[in-house]
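Novice: Residue numbers (this note's numbering): 698 to 1261. Just so it is clear, CB atoms sit at the ideal spot from N, CA and C, and this is done for glycine as well. After the structure tokens below, expect a handful of questions from me.
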């Protein structure tokens, strides 16, 4: 059945085409017949006159006797008989017939010329007719094709309409399921927030109880110390001997400082990139050199810290530190090079020992993202800053918070001196805190949100980077802004863009949103160099090694670049 329908569909255009050809042939016959209907009688009349003329000419050429008709013949006899008025002679008749013959020849010539002209016109019209018929046939074929295409498109439109109806129904079903899943996700998030809040409260209570126990233990230790002091006074024991016997007590041991790190006299200005790696699974937020300038730590949004060895101008993977609860926002290595401290988005800072893959301690107690974590110059002490508007000091030996400072605004970065903590904030201010006192000692406004702070090794100058696309050098001896660095094209790519001093404090370097590095001369304030090439995304942080021989930059596109 389907085959017969297909043959009928395919044969219908052929039958129509044959009928069309028959109609065109009949139309051409009617048209040509109409053109010749006037010409054929005229041509027949012309032939009759030509025959008559030929007959007259033959008669005129005969002898006069032969040309004279018989008396009984009607019209010719009357015309050739001389009348009483002196009718013309045969010569005159001959001349007359010659004139008529000449006139008939002229008429025949004119008619022949008209026949030729009309034949040419007929040929032209026939050609035009054939052209129009061909064009009409082509147009009709085109009409047939368009009708077939229209029918096919109509079928496609109908099929697409059916598909659209099905897709619309699927979309509505998906939208309903998505709404249900979003509602379930919101419920789970609320439950998670409640659980997290309860966990934070439990940790805070546990930390408070631990602090109370430690305080009681310290008071007991102090009481024992006082008793032993009394006994020692009786026995005339020197205080130094007592300190040796009670070296672990809180009141009797001075703060232990790290050994000073040797710093280069003149840093080398980097000019070219030596190595580029895709170091992390997502953007890299932080980078830090170890004290020996050959160990490098990078932290990223993939919750991993990678340690690298700088060997022969190349970065070689050393170790991966795992266990961070959130994206890494800051990385620091202690002056001994044995520990790594990182700030995370999980409201905590975490401590690793170099050589161990998992976290050694978790410093929890903040109520929002921890944006900065730095070691202090004294052993087993660190400082963290958070978006919960607090800065905390930590005793790393016992993993508890020894002091909380309310800093009044989001804290984006902190640095530590001998007895000072400096914090940079979202409210466009840099605040100074004495680690031996509870109050803020000084506030310096900088016109825009602070993204990073860098303290020179001599602790006399502070470098700040802010969202107004400027770097500022603050002389801490007079607490005044000494230099402001700007450059065409330089722009901070984020609220955590880090700028640093070179180890000799001669240069200041920062990365821009377009992947370029800008280096200024601190003494002259001029732009010393602009480095471009490996970075195609915003540069988040830079680090200059303590020896001053090379520099590392990290960006939002997962890349780590080593400069020499």
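What's the gap between the Cα of residue 1097 and the Cα of residue 871?
Specialist: Their Cα atoms are separated by approximately 50 Å.
Novice: Using DSSP bridges, identify the partner residues of residue 1027.
Specialist: BP columns for residue 1027 point to 1040.
Novice: Mapping the DSSP letters down to three states, classify residue 714 as helix, strand or coil.
Specialist: Correct three-state label for residue 714: helix.
Novice: How should residue 825 be labelled, buried or exposed, when 16 other C-beta atoms within 10 angstroms of its C-beta is the threshold for buried?
Specialist: So residue 825 ends up on the exposed side.
Novice: Taking the straight line between their C-alpha atoms, what separation do you get for residue 861 and residue 850?
Specialist: Near 16 Å, if we compare the C-alpha coordinates of residue 850 and residue 861.
Novice: Which residues bound the beta strand (DSSP E) around residue 1204?
Specialist: Looking at the DSSP string, the run of the beta strand (DSSP E) that includes residue 1204 is 1204-1208.
Novice: Hey, quick one: how far does the beta strand (DSSP E) through residue 1197 stretch, first residue to last?
Specialist: Looking at the DSSP string, the run of the beta strand (DSSP E) that includes residue 1197 is 1196-1198.
Novice: Using a threshold of 7 Å, state whether the C-beta atoms of residue 794 and residue 753 are closer than that.
Specialist: Yes, these two residues count as a Cβ contact at 7 Å.
Novice: Between the C-alpha atoms of residue 733 and residue 816, what's the straight-line distance to the nearest angstrom?
Specialist: Cα-Cα distance, rounded: 10 Å.
Novice: Using the Cβ count rule (16 or more neighbours within 10 Å means buried), how would you classify residue 1058?
Specialist: Buried, by the Cβ-count rule.
Novice: Just checking my contact of residue 1060 with residue 1086 at CB under 8 Å: how many whole Å lie between their CB atoms?
Specialist: About 17 Å; that fails the 8 Å criterion.
Novice: How long is the line joining the alpha carbons of residue 778 and residue 796, rounded to whole angstroms?
Specialist: The pLDDT assigned to residue 778 is 46, lower than 50, so where the model puts this residue is not dependable; a value taken from the coordinates is nonetheless given after this. Rounded to the nearest angstrom, the two C-alpha atoms are 20 Å apart.
Novice: Looking at the secondary structure, which residues open and close the beta strand (DSSP E) in which residue 1096 lies?
Specialist: No beta strand (DSSP E) contains residue 1096, which DSSP labels as neither H nor E.
Novice: Tell me, which residues are paired with residue 1248 by DSSP?
Specialist: For residue 1248, which the question treats as bridged, DSSP gives the partners 1241 and 1260.
Novice: DSSP three-state label for residue 805, please.
Specialist: It is helical.
Novice: If we call anything under 7 Å between Cβ atoms a contact, is residue 1027 one with residue 999?
Specialist: No, the pair does not count as a contact, with Cβ atoms beyond the cut-off.
Novice: Go to residue 1015, then tell me how far its beta strand (DSSP E) extends in each direction, as first and last residue.
Specialist: Element bounds for residue 1015: 1011-1018.
Novice: Using 8 Å for Cβ pairs, my map puts residue 1184 next to residue 1228. What's the rounded Cβ distance?
Specialist: Not confirmed; about 12 Å, so no contact.
Novice: Are the beta-carbon atoms of residue 985 and residue 1200 separated by less than 7 Å?
Specialist: No, the pair does not count as a contact, with Cβ atoms beyond the cut-off.
Novice: On the CB-based measure, 16 or more other CB atoms within 10 Å of its CB, does residue 1231 come out buried or exposed?
Specialist: Buried.
Novice: Which first and last residues belong to the beta strand (DSSP E) in which residue 1179 is found?
Specialist: Its beta strand (DSSP E) spans residues 1177-1182.
Novice: Could you spell out the range, first to last residue, of the beta strand (DSSP E) harbouring residue 1107?
Specialist: Neither: residue 1107 is in no beta strand (DSSP E) and is coded neither H nor E.
Novice: Note down the Cα distance separating residue 745 from residue 735, rounded to an integer number of angstroms.
Specialist: Their backbone Cα atoms lie some 16 Å apart in a straight line.
Novice: Looking at the unbroken beta strand (DSSP E) that takes in residue 972, where does it start and where does it end?
Specialist: Segment 970-975, the beta strand (DSSP E) holding residue 972.
Novice: Around the C-beta of residue 1102, are 16 or more other C-beta atoms found within 10 angstroms, so that it is buried, or is it exposed?
Specialist: Under this definition residue 1102 is a buried residue.
Novice: Per DSSP, which residues does residue 1218 bridge with? Please list them.
Specialist: Paired residues: 1204.
Novice: Compare the C-alpha of residue 830 against each of 1193, 1066 and 723 and name the closest.
Specialist: For residue 830, the nearest C-alpha among the options comes from 723.
Novice: What is the DSSP secondary structure of residue 1147, counted as helix, strand or coil?
Specialist: Of the three classes helix, strand and coil, the one that applies to residue 1147 here is strand, per DSSP.
Novice: Hey, would you say residue 1196 sits closer than 7 Å to residue 1149, going by beta carbons?
Specialist: In contact: residue 1196 and residue 1149 (Cβ atoms closer than 7 Å).
Novice: Start and end of the beta strand (DSSP E) containing residue 1126?
Specialist: First-last of the beta strand (DSSP E) with residue 1126: 1126-1131.
Novice: Thinking C-alpha only, which one of 907, 1139 and 1177 is nearest residue 1092?
Specialist: Residue 907 is the option with its Cα nearest to residue 1092.
Novice: Between residue 1159 and the rest of its own chain, which residues show a CB-CB distance below 8 Å, the 5 nearest in sequence each way excluded?
Specialist: 1112, 1119, 1127, 1150, 1151, 1152, 1153, 1170, 1171 and 1173.
Novice: Which residue wins for smallest C-alpha separation from residue 1018, given the options 812, 995 and 1034?
Specialist: Checked all of 812, 995 and 1034; the closest Cα to residue 1018 is 995.
Novice: Applying the 10 Å Cβ sphere with the 16-neighbour rule, what's the burial state of residue 1064?
Specialist: It is exposed - the Cβ of residue 1064 has fewer than 16 other Cβ atoms within 10 Å.
Novice: Can residue 1121 and residue 1110 be called in contact, C-beta distance under 7 Å?
Specialist: Yes, the pair counts as a contact, with Cβ atoms nearer than the cut-off.
Novice: I need the straight-line Cα distance from residue 1132 to residue 1070, nearest angstrom please.
Specialist: Distance between the alpha carbons of residue 1132 and residue 1070 is about 16 Å.
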